[in-house]
Each structure stands twice: as C-alpha cells, then as structure tokens.
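In our numbering, the protein residues as written are 4 to 432.
Every residue, glycine too, gets a C-beta built ideally from N, C-alpha and C.
Everything numeric in this text was worked out from a predicted model, so none of it was measured.
Read through the structure below, which is laid out as structure tokens, and then see the notes.
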Ligand code: ZN
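Spelled out as structure tokens, the structure:
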C-alpha cells in the first residue's frame, strides 16, 4: 500500500472534534507551562476549563510579534529546557530575531506536515529534490530537508546561490523537483535557458517557498526549466516553518493542515473575522505544539479563504497564496493597498515580464504619486510600450481605485536576487 502522511479524517465533524481537543490541550499546556500565557489568560479572565467549544477560541487574547520580541530569547517557552531539542530564528533584519523552540515531538510533527506537502504535490520516493533554499538558523532548508527525508525522497541540499554548482547538480543528479524562492527559481530558470540545458535536465515540479510569487514569474520559470507544475508552500517561522500546507495538483489554493493548527482570518483593524473571499490577516492557534505553542498569534500575513470543496475532495480547507503583509500595506490617497494587489493585477497582463517595482513619491503639490516599473517581456520590442502601459494603468485604476503611472523598462534591467525581492520603495518622508 502507498504510504500516506494524511490523517484518517473522514468528515468535517471529525476534524472539528480533533481541533477542539487540540485547542483544549494547547490552552491548558500553555497556561501551566508558560508564565507569559498564564498571565495573559488570567488578565483575559479565561481558565483552561473555560474552553468548551471551538467558538471559545474568540475569548482568548492575541499574541503579537512584539510579545515575541519582549520575551527574547525564549518567547512562548512552555516546556522545561531539558525537553527542547532545537531552535530556529527568523532572519530578523529589524529588531530582534524571532526565536522559536522545538521539542522532539514538534520536530516530528513538522516532518509529518512537510511530508504531506510532498505527498499532495504527487511526489514519490523515486523523486530527487534539489533544495535551493537557505540552510542555517532559519527554518527553510531544515524544513525542506526534514520533510524530504521523512517522505523518503532523495534530498540534494544545494542551498541558494552558487549557480555553477546548481547547474551541475541539475545535470549530474537529475533532480525531478526544485524547491526555491521564486526569485531564486527565476535566476536558475534563466541560467538553464542561457546554458541551453533544458533538454538535459529532468525537473518536473518546482515548489516555491518563503515569498509571494506572481503567476507570470511562475509561468516563466516553468517554461524555461521545462517543468510540468509549480506549487506554493507557505512558511512562517513562528508556525514551525515551511510545510504547513500546499496547493494540490488542481492548484485551487493552498490546503492547510487544520488538524495541526487553526487559522482565523481577521480584519487587521477591527480584529473581527472577514467574510469568505475577503482579505484578512492570518491568525494562528496551534493544536499540538509543545515548545512554543501559538494562541491567536497575529502573523501580519494577508490572504483570503477559498470557499467550497476542492476537486481533489480533501477535507483540508484552502487559503489563497499570500497577498503580502499588513505591515507592507501602504496608504496612498487614502486607499489601503498591499503589494500583492498590484502583483495580482500585473499577473493578468500580457507583454510584460515578471519583475516589477512600486515607487511612491510625494511631489511639490503635496500629493502622493505611485509609479510602477515593469519589465518588458523577453524579446519583445519597445514599440508597444505605450499601449501596454496604458492598459495596465487602466487595470490598476479599476482594480485598486487609485491611479498610477506605469513605466515599461528593459527586460532584465530590474535587479534579481536569490533571496526575497524588494518590491516596494516608499520615497515619501
Ligand atoms: Zn485539492
């Protein structure tokens, strides 16, 4: 029989029963194991025994990244040190890093979740996975590696960058899957193309992690590498790391592992649930995490829920790819906009490449102006720049109710990176 990492859940009721059990366990575990949680829950007037239904989740107080920073270096620690077997930390460019601790069971659960991702992407133990994400204190490389080994495929831990080595590995080891950020994937795809390697490599699937990737970028990578499918993996350090969900082969959204955590989608201002299909902030409550459990942790990541049932029949609910962070949300002329908005609009346009930048300026008239620089499609002539720009400007006006100027720039003139690409440049004071 084919090995599966999926749980034996037959109905939505089964899933809800499992969630309630996990919620009760988590609140009791955090209350008894962590001074921070006990204080917070006491302040909110909630005792572990008060959790009787899933709706009681809404009585629980929120945890924010500020709480994590204040408790540095051991935020949310709910077990004795002797039970901790590992830590990971976010890259933390500003302020202190977010450090998360894991017990042996947490690592085991993470491996299981990640193995599910490879399973849902249709991989087998015959697959070879070139893992081109960062190895180190952050969760990326460790997560992809852990899942691969649990799943039983062959891991090629290449890490990011080092393009000569990447190309050699693609040829010599014949990996069938590449895992990379979309930015790194694009660099690799362009290098494969430049070296004329397409017919000599065997990559069927590309799994993108850690960064929002637009459809145009994914299509370019797929085409240049000759892959059949691409997948998106969400990854939040605070929530184990990458591997907490993946889109299935129908690509109708990311199935997330709701037997390991509950995701609420809330309006970042009012903290009330948003309607199905509306954009909200992902708020996480873990159901089995021992080391550093999350109770209503505000991730700042924005997405929308996808209603209905996927054609694959999975009971696991779906959310859209990440549409940006509420921190990245910017206000121009009184309208809230997040880069993912612009990204989505650009993805539907023809004649342009996948790279773009958003620039915000305040001019002498005191008004704010938005300029979007987009690369021309590879090999396209500049004759149609004016027409294409006008069409995109109209689409932006229609999509986000704010006008912007679109500048079409030369293909490959915007910077490439093997990490996360910077899209937003706010030059206003
Ligand atoms: Zn599905």
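Buried versus exposed, by CB contacts within 10 Å (16 or more), residue i
i	result
residue 115	buried
residue 234	buried
residue 144	buried
residue 287	buried
residue 404	exposed
residue 6	exposed
residue 323	buried
residue 29	buried
residue 184	buried
residue 57	exposed
residue 312	exposed
residue 156	buried
residue 253	exposed
residue 88	exposed
residue 345	buried
residue 289	buried
Integer Cβ distance of residue i from residue j, believed to fall under 8 Å
i	j	result
residue 402	residue 348	5 Å
residue 9	residue 119	6 Å
residue 31	residue 51	4 Å
residue 181	residue 191	7 Å
residue 231	residue 203	About 17 Å; that fails the 8 Å criterion.
residue 283	residue 268	4 Å
residue 361	residue 417	About 12 Å; that fails the 8 Å criterion.
residue 137	residue 163	6 Å
residue 101	residue 92	6 Å
residue 240	residue 141	7 Å
residue 154	residue 121	4 Å
Closest Cα partner of residue i within the set the options
i	options	result
residue 61	49, 323 and 284	49
residue 366	32, 245 and 431	431
residue 351	395, 331, 361 and 334	395
residue 128	70, 158, 101 and 142	158
residue 246	346, 117 and 143	117
residue 39	72, 238, 370 and 54	72
residue 400	375, 85, 13 and 411	375
residue 34	389, 295 and 407	295
residue 411	59, 12 and 393	393
residue 385	369, 363, 370 and 414	414
residue 327	271, 177, 391 and 42	271
residue 44	193, 297 and 13	297
Chain C contact for residue i (CB, 8 Å cutoff)
i	result
residue 78	Included in the structure is just one protein chain, with no chain C present.
Check: Within the chosen definition, does the region 211–230 reach the region 343–361 through at least 3 CB pairs nearer than 8 Å?
Finding: yes
Next item on the list: Indicate whether the contact test is met: 3 or more Cβ pairs, each with one atom in the region 297–304 and one in the region 333–341, closer than 8 Å.
Entry: no
Item checked: Three or more C-beta pairs below 8 Å linking the region 59–72 and the region 105–115 -> no
Note to self: Taking 8 Å as the cut-off, does the region 127–134 touch the region 251–269 (at least 3 CB pairs, one atom from each stretch)?
What the structure shows: no
Checklist line | Cβ pair count under 8 Å reaching 3, the region 202–212 against the region 67–83 | finding: no
Check: Taking contact to mean at least 3 C-beta pairs separated by less than 8 Å, is the region 363–382 in contact with the region 146–163?
Finding: no
Check: Using 8 Å as the threshold, is the region 307–319 in touch with the region 248–261, meaning 3 or more CB pairs across them?
Finding: yes
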